[in-house]
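I have placed the structure first, in the form of structure tokens, so that the comments after it can refer back to it.
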């Protein structure tokens, strides 16, 4: 028994040494870590009042701070990041940069609300926290800490042994890759062609979470806690709908459950951010560039009304990018339109 205990202790020590200090996945995970650090750093540097967009990948793919910020006359950071990074980690990093008078717009994906504690404990950022951010990891709930401590498998070790030499040979530069994919405001800018994944865009609509899944979700609890904490500090939090296909199957009860998280401070657009499949890039969450800009103009107009601001029209370059083909909806900013906002 003593020998078995010694072997177990040695195995655990070797595991924590390797995954906590040595092994890394610089090609598959490093871009996510750099994106979070970059966005958190820029957010901290922006003057207040500022507008911050927080969501999953729907944030940077389907919203544009380069459009919304100038229209509202606000510094803007598109701080949305892929769902593989947990909201608990994101909120911990972003909250210190928020100041009274700042505005946070949250068009969170419905899956974000419905995620369970078990799903959070298994998130991919557990490996990043264990390897690169033990200080932040120590502030998270015990289950999340345990999930990160035991995040990795033999398969992860093999991936690391492949990725680390390739990274040393500069096979891929994560920072350069992010610079190609995002603009300075955090918007995704490589989503140029609609229908980039034709098979996905022609398939059946994904199943949306139920009202019960949203209401009881650990993600919904995290979001509601963040909303309450930041409002108490004088930050304006406004909820919003993520983009999706017009044939998305979301029940009225599920939408009502989302609205309750924000207590009525919600940008409830008439079309609920639903668009034809032809407007999307490669998933239900990702609009192609022209439609990303059109959606952002709509968002800016809606937020202007809620914030009591007179929106400025987008410049000619933005309008040309948005309407380089036949628009799928009317807009007061379509080139040639005579009315002003």
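Numbering (the working numbering), first residue to last: 1158 to 1498.
Note that beta-carbon positions come from the ideal geometry of N, C-alpha and C, so glycine has one too.
Under 8 Å between the Cβ atoms of residue 1460 and residue 1251?
No; because the gap between Cβ atoms is not below 8 Å, this pair is not in contact.
Here's a check: name, in chain order, each residue in its chain whose Cβ is nearer than 7 Å to the Cβ of residue 1450, leaving out the five neighbours to either side.
1221, 1224, 1475, 1478, 1479
Ignoring anything shorter than 4 residues, give me the alpha helix (DSSP H) runs that lie fully in the segment 1263-1308, in order along the chain.
1267-1271, 1274-1278, 1282-1289, 1291-1294, 1299-1306
Quick one: using the 10 Å Cβ neighbour count with 16 as the cut-off for buried, is residue 1344 buried or exposed?
buried
Counting only runs that start and end within the segment 1220-1267, where is the beta strand (DSSP E) found for 3 or more residues in a row?
1232-1235, 1260-1263
Could you tell me if residue 1159 is buried or exposed, where buried requires 16 or more neighbouring beta carbons within 10 angstroms of its beta carbon?
Burial check for residue 1159: the Cβ neighbour count within 10 Å stays below 16, so the residue is exposed.
What did DSSP end up calling residue 1477 once you bin it into helix, strand or coil?
helix
Take the Cβ of residue 1399 as the centre, count every other Cβ of all protein chains shown within 10 Å, and call the residue buried at 16 or more, exposed below.
buried
In this structure, does DSSP put residue 1209 in helix, strand or coil?
strand
Looking at residue 1300 and residue 1264, is the spacing between their C-beta atoms short of 8 Å?
no
Who are the Cβ neighbours of residue 1226 in its own chain at under 7 Å, not counting the five residues just before and after it?
1208, 1232, 1233, 1342
Rounded to whole angstroms, how far is the Cβ of residue 1184 from the Cβ of residue 1329, which I believe are closer than 8 Å?
5 Å
Using a Cβ distance threshold of 8 Å, determine whether the segment 1174-1190 contacts the segment 1398-1417, with at least three qualifying pairs required.
no
Could you pull the start and end residues of the alpha helix (DSSP H) that residue 1383 belongs to?
From DSSP, the alpha helix (DSSP H) with residue 1383 extends over 1375-1389.
Grouping DSSP H, G and I as helix and E and B as strand, with all else coil, what is residue 1313?
helix
Tell me, please, whether the segment 1239-1254 touches the segment 1423-1432 by the rule of three or more beta-carbon pairs shorter than 8 Å.
no
Terminal residues of the continuous beta strand (DSSP E) containing residue 1440?
Element bounds for residue 1440: 1437-1440.
Going by C-alpha to C-alpha distance, which of 1266, 1307, 1374, 1248 sits closest to residue 1174?
1307
Grouping DSSP H, G and I as helix and E and B as strand, with all else coil, what is residue 1466?
coil
Hey, residue 1229 and residue 1468 are a contact pair by Cβ (cut 8 Å); roughly how many whole angstroms apart?
6 Å
For residue 1197, name the three-state secondary structure that DSSP assigns.
helix
If I'm right that residue 1384 touches residue 1394 with Cβ under 8 Å, what's the distance once you round it to whole angstroms?
5 Å
Around the C-beta of residue 1494, are 16 or more other C-beta atoms found within 10 angstroms, so that it is buried, or is it exposed?
With a pLDDT of 32 at residue 1494, under the threshold of 50, the modelled position of this residue cannot be trusted; read the value that follows with caution. With fewer than 16 other Cβ atoms within 10 Å, it is exposed.
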